[in-house]
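Novice: At position 5 of the sequence shown the residue is numbered 16 (our numbering), and the sequence of numbers has no breaks.
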Amino acid sequence: MVSTWSDAGFSLAEMAALHYTERMFIDHDNIDQELFDELREHFTERQIVELGWAVVSYLGFGRLIHTFGLRSDSRVD
């Protein structure tokens with residue numbers, strides 16, 4: 012993540028989503044109730060689940076691409 016995302020002018024809801032995304036990437040085993048409480052201040056339960064699916068989809072896809080050794084300029088025929 013960008014080290015200064017918290018200073019980049021995002022709304023509180025966007026910052027909560029970025030905080031969650033960063034924690035999923037860096038330390039998913041230690042996401043606590045406090046973070047979910049922060050998310051619930053801005054999102055419904057359904058939106059939190061959708062955010063979670065989006066985050067893990069991108070993270071997983073990125074890891075898959077990495078294991079294939081693909082770069083952003085790689086071509087797959």
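Where a beta carbon is used, it is the ideal one built from N, C-alpha and C, also for glycine.
Please list, in chain order, all residues of the same chain as residue 35 whose beta carbon is under 6 Å from its beta carbon, the five residues on each side excluded.
Specialist: 66
Novice: On the three-state DSSP scale, how would you describe residue 83?
Specialist: In the three-state DSSP reduction, residue 83 falls in the coil class, being neither helix nor strand.
Novice: Spatial neighbours of residue 28 within its chain, please: CB distance less than 7 Å, with the 5 preceding and 5 following residues excluded, ordered by chain position.
Specialist: 62
Novice: Applying the criterion that 16 or more other CB atoms from any shown protein chain within 10 Å of the CB defines a buried residue, is residue 50 buried or exposed?
Specialist: Under this definition residue 50 is a buried residue.
Novice: Compute the Euclidean distance between the alpha carbons of residue 58 and residue 44, then round it to the nearest angstrom.
Specialist: 17 Å
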